[in-house]
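See structure below.
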Amino acid sequence: DGGSAVTDYRVELSRDGGATWTVVKASTGGATIATIVGLVNGVDVALRVRAVNSAGVGIATAALSVTPYGAPDVPTALVASPGNASVALSWTAPSSTGGASITGYRIEQSTDGGSTWTVVVADTGSPTTLRVISGLTNGTAYGFRVSAITRGGTGSPSAAAGATPATIPGSPTVVTASPADRQVTINWAPPVSDGGSSILGYTVERSSNGGSTWTVIAASLNATTYTDTNSLTNGSLYVYRVSAVNAFGTGVSSIPVIGIPAARAAAPTNVTTYAGAEQVVLTWTAPASTGGAPITGYQIESSFDNGVTWSVAIADTASPSTYGVVSGLQPGQLYSFRVAAITAGGTGAVSVAVTGTPLVAAPITIEGSAGDTTATLTWPTPVGVVNVTGYRVERSANMTTWTTVGSTLTSSSLSTTVTGLTNGTPVFFRVTVITAAGDATPSNIALVTPAGAPLAGTAPTAVAAQGQVTLSWTAPANNGALITGYLVEYSADNGLTWLAGPTTSGLGSTAVTVTGLINGTAYKFRFRAINAVGTGSASAEVSATPFTVPTSPRNVTTVAANTQVTVSWTSPASTGGSAITGYLVERSVDGGLTWTTLATTAASASSYVSTGLTNGTTYAYRVSAINAAGTGVASATVTSTPFTAASAPTALSATAGNAAATLSWVAPASTGGLPIVGYRVEISSNGGTSWSVAISDTGTSSTSVTVAGLANGTAYAFRVSALTSPGAGSSSTPATTTPFGAPSAPRSLSVTPSDSQLSLSWSAPASSGGSVLTGYLVEQSLDGGATWTIVTTTTNTALAITGLTNGAPVAVRVTAQNAAGFGPDSGVVTSTPFAAPGAPTDLVATAGTGQVALSWTAPAGTGGSALLGYRIERSTDNGVTWTVAVGSTGSTLTSTVLTGLPGGVTQTFRVAAVSALGSGAFSANASATPVGAPTAPASIGVTPANGQVVVSWTAPTADGGSVVTSYQVERSLDGGATWTVAAASVAGLTTTVTGLTNGANYAFRVSARNAGGLGASSAVASATPYTIPGTAATPTAVASDAAVTLSWTAPSTDGGSLVTSYQVEQSANGGTTWT
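Under my numbering, the first residue of the sequence shown is numbered 15, with each subsequent residue one higher.
The structure is reproduced here in structure tokens:
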């Protein structure tokens, strides 16, 4: 704070990169925060602050470059384009960004007409004005709104735009085909799903090759029926399929259906009648024209009123053969007959009527049934006929000539089987009863056409489609009986097992679609023809694999570059059962509203480069896979904006400041197609040999900035590059400058007081501020820093301030100066000049035990500096030499005790007062002799006795300066490990220690005592007390010649000393006396 409290702050502003400054806030009222208003958003300004105290306005801070900004305006022209479960949004950026670059957009959606909104994209992270919202529900109406995002926050949302996502519709259902003369009528029901978009119409396709290729025969139909009259050929097989169309395209085709147009057949000709018993046999020639469809049978009508009225005699002969037998007629009645052919086109024209009159009933009525190359005839026993001798069977191929079959049958025969016939060739039979009187009237006519099950056909033709295969074939030989239908079989395990598929009915039904198949699975197919005899053998096999369009390509991504975008993808999860043949790549420039085909690639392709684009324009892309079934659903839409790097900024200039440099430049001539979102500033301190990033992103398009935190005095080079969303562009030409400021504070100010002066020294500032130091300002204050006086200026780093008053505190500070002015001060150091204190008086020394107590009177004068303590010296040679006993007591107390002194040695003492200046003069001397404990007694001796030991010694060589008053004797039973006082106070030089245990080894030591206390112990002496041994046991005596032998046991105790011998006594007078 410069030695005076900071009372206020002043804020200054520059609009020209620091060239000129204006005070925008003269006073903050002491607050360390200020708000500057009235600025223009987006225009860069520089700010700096100065502190104010009683001395004035201080040095300015380093400049700080800032760009004021506000929230952006509303985006406009929002357009929502629906897609499959998605909506593509595009809009125009706000007219005003509030002074900060747009970094992204927030997108909200509503499904309740805008009553509530949900954030679907919190931040697009890009200034691009196009976004595809996916994961939506087809058919649901959505509203969208967009808000711009800058450093100033999120702006207000745009006006809402609505769209309803959808996809292509499903397949029409319940498709049927109704053939007629040279036409087929197709009917269907709408799809279960319209894909979320209303059905706009239907497309009808026709195939005349069993489904291998298709032709659109009707489009944009608003009805669910269509009659195909497009040059059809009666009798030809046609396959039809229908697709629904909505705003998003054509849906998947329906299951194919088959139609065979046909006209009615012409009239049969050459109708001839043959009378029979109660019957009429008719033959005719087939019509010249069948109307395009094979004849499956004939209808025979009869009339008994000469053709006025007609009734159906035989509704359908169920055979294309040109013969018929009408039975059950009235004999003798004239009947009229006419015949019409039956085909898929219906019942044809009737023939010219012919007449016939049935004969009377025969004795028998025969019935015929067909077999495989055989005919079996049966009849009842004749009624009213006698003497039957046998039966004759006859056959005819034309009712004109008859041939007898085999031999005459016996009278008991009522049936016969005729063999060797040709299947499919009609044969007429009759039987005549033979009697003894002759032949009776022949029986009725039985028409039999022998037949077997149909033969095996050739392999069908198979056309695969989505989940289905359409089969068509040529009818096999019917083996004598009209084919009434077909059975289709299929196998999914290469023919190991077969499943029954659909059946068809009718001779012309030689095509069918097998549905419900699994796309991608290989199937085998075969068919069997069916006639009245049964189901024929299986045809040869054909293989086919059903398939559909592939699913969408996956992982579609884009990589933008200069005027181009590379679109990449991976193959669909499903090929639909058919190999991918290529990919359709599309592009949109209106947010997905319309699409342009770019390319159909090879099947192996996984990327496509879209070239010739305009940098800065956002493009949408989608990819669809293609196989034999067509083009699959498009991928999700992805967007990309081609670009190139921005060119280099120009006219870069650098203006030096205090630890800062203010840069300004002109924006690049080309932004590369993308808006500039900021600038990157690089710095070099080695002349451009290497560069580091000073500011990675200014975050604004402003073309000026201040780089702070620089080292004053260091030459810096700067270069600038523009930032767009892909990254940094080319760097500008470098600009150089050398920042400088006031020097930093002098360091390590040291003040040494002495008599009437202070000696100052310091170190140069850590930083010269980038400019050579011109000197130092030295100031002093005598009122604790309230006011300051300049002492001098100097170029040296040491100075003595003289003429001061001892005892009066002086505050000093030093400030360095360079071309920028004075820097901060060193910090205040306070010191007090002074002289050495006077000598203490009245020193008194009082001896004690191992110590001396000293007392004195403080000196009359302290020299202007407070006393810090006292220095005490002692001498043992009466002041010839001195030793420091206490360097400083650290206290102003005038007494102390010196301990640890040897007893009996006379000590001489002197005392000097200590202040900050050092030690003053010494006091007069004072002496005393401290008392000490005596030394150890010598010549210790021990004499053991019975239960005691006599201990003796000689006096110590030194009594410690005080007469020995007694001795203490100690004993130990554990070799001196522990000691027990045996005699605490012995006046002489000997004592007897009693109460001891004989035989136990004792150690003894002695210490002398005087006024100084108990002295050191003597050397240790050991002794073992003892007495006479105990009584030996009564001896045992063994007499012998002039001798007695004695023996005894040792006494129970040896008295504490080893038994060395025994004494033997004898008595000759009974123990009165002993020798």
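Each residue gets a CB set at the ideal place from its N, CA and C atoms; glycine is no exception.
Assess, as a yes-or-no matter, whether the region 121–132 is touched by the region 197–204 under the definition of 3 or more beta carbon pairs within less than 8 Å. no
Under 6 Å from any heavy atom of the ligand NAP, does the C-beta of VAL339 make it? Here there are no bound small molecules, and the ligand NAP is not part of this structure.
With contact counted as at least three CB pairs below 8 Å, one residue from each stretch, are the region 845–855 and the region 758–769 in contact? In the pairwise beta carbon analysis, the region 845–855 is classified as touching the region 758–769: at least three pairs are separated by under 8 Å.
Kindly list the residues whose CB is nearer than 6 Å to the CB of VAL956, restricted to its own chain and excluding five residues on each side of it in sequence; keep chain order. VAL963, VAL965, PHE1018, ALA1035 and ALA1037
Am I right that VAL294 and LEU343 are in contact with their C-beta atoms under 8 Å? What's the rounded C-beta distance? 6 Å
Helix, strand or coil: how does DSSP classify GLN313 here? strand
From the DSSP output, in three-state form, read off GLY862 for me. Residue state, collapsed to three classes: strand.
Taking just the CA atoms, how far does VAL573 sit from THR529? Going by the C-alpha atoms only, they are around 43 Å apart.
Under 8 Å by Cβ, that's how I've got PHE539 and LEU485 pegged, so tell me the actual separation to the nearest angstrom. 6 Å
Just to confirm before moving on: does the CB-CB distance between GLY1009 and TYR1040 stay below 7 Å? no
Tell me the DSSP bridge mates of TYR288? VAL295
Suppose contacts are defined by Cβ-Cβ distances below 7 Å. Is TRP416 in contact with SER425 by that definition? TRP416 is not a Cβ neighbour of SER425, given a cutoff of 7 Å.
Got a sec? Which residues, its chain only, sit under 6 Å from GLY755 by beta carbon, not counting five neighbours each side? ASN672, ALA673, ASN726, GLY783 and ALA834
Measuring straight from C-alpha to C-alpha, what distance separates PRO468 and PRO440? 17 Å
Residues of its chain near SER1081, where Cβ-Cβ distance is below 8 Å and the 5 sequence neighbours each way are ignored: Excluding residues up to 5 positions away in sequence, THR1087, TRP1088 and THR1089 lie with their Cβ nearer than 8 Å to the Cβ of SER1081 in the same chain.
Name the DSSP beta bridge partners of ARG888, please? THR897 and PHE923
Whole-angstrom Cβ separation of ALA926 and ARG885, contact assumed at under 8 Å? The Cβ separation is near 5 Å, so the contact holds.
Coarse secondary structure for PHE158, derived from DSSP in three states: strand
With DSSP run on the structure shown, which of helix, strand or coil describes TRP967? strand
Between the CA atoms of PRO377 and VAL399 - distance to the nearest angstrom: 7 Å
So what does DSSP say about GLN831, is it helix, strand or coil? strand
With distances taken Cα to Cα, identify the nearest neighbour of THR125 among ASP87, THR81, SER104 and ALA177. ALA177
Please name the residue or residues paired with THR150 in a DSSP beta bridge. A small correction: the amino acid at residue 150 is Leu; Thr does not occupy that position in the sequence shown. Answer is none; LEU150 lacks a bridge partner.
Entirely within the region 546–616 and at least 3 residues each: give me those beta strand (DSSP E) ranges in chain order. 556–558, 568–575, 578–584, 596–602 and 610–614
Please list, in chain order, all residues of the same chain as THR1091 whose beta carbon is under 6 Å from its beta carbon, the five residues on each side excluded. Residue 1091 is absent from the structure shown; the chain starts at 15 and stops at 1089.
Per DSSP, what kind of secondary structure is SER773 in: helix, strand or coil? strand
Taking GLY914 and GLY864 to be in contact with their CB atoms under 8 Å, please state how far apart those CB atoms are, rounded to whole angstroms. 6 Å
Reduced DSSP secondary structure (H/G/I, E/B, other) of GLY1013: coil
Should the region 619–636 be called in touch with the region 703–723, which here means at least 3 C-beta pairs below 8 Å? Taking a contact to require three or more Cβ pairs closer than 8 Å, the region 619–636 and the region 703–723 do not qualify as touching.
For the region 635–700, list the beta strand (DSSP E) runs that are entirely contained and at least 3 residues long, ordered along the chain. 652–654, 664–671, 674–680 and 692–698
Skipping 5 residues on each side, what residues in its chain have a beta carbon closer than 7 Å to that of SER739? SER140, PRO141, LEU688 and VAL691
Please go through the same chain and pick out, in chain order, the residues whose beta-carbon is closer than 8 Å to the beta-carbon of ALA619, but skip the five residues on each side of it. GLY596 and TYR597
Please report the distance separating the alpha-carbon of ALA107 from that of SER257. Approximately 42 Å between the Cα atoms of the pair.
Taking the alpha carbon of GLY153 as the reference point, which residue from PRO179, TYR240 and THR138 has its own alpha carbon closest? PRO179
From VAL135 to ALA85, what distance separates their C-alpha atoms? 19 Å
Let me know the beta strand (DSSP E) ranges lying completely inside the region 171–253, each 3 residues or longer, listed in chain order. 175–177, 187–194, 197–203, 213–221, 229–235 and 239–242
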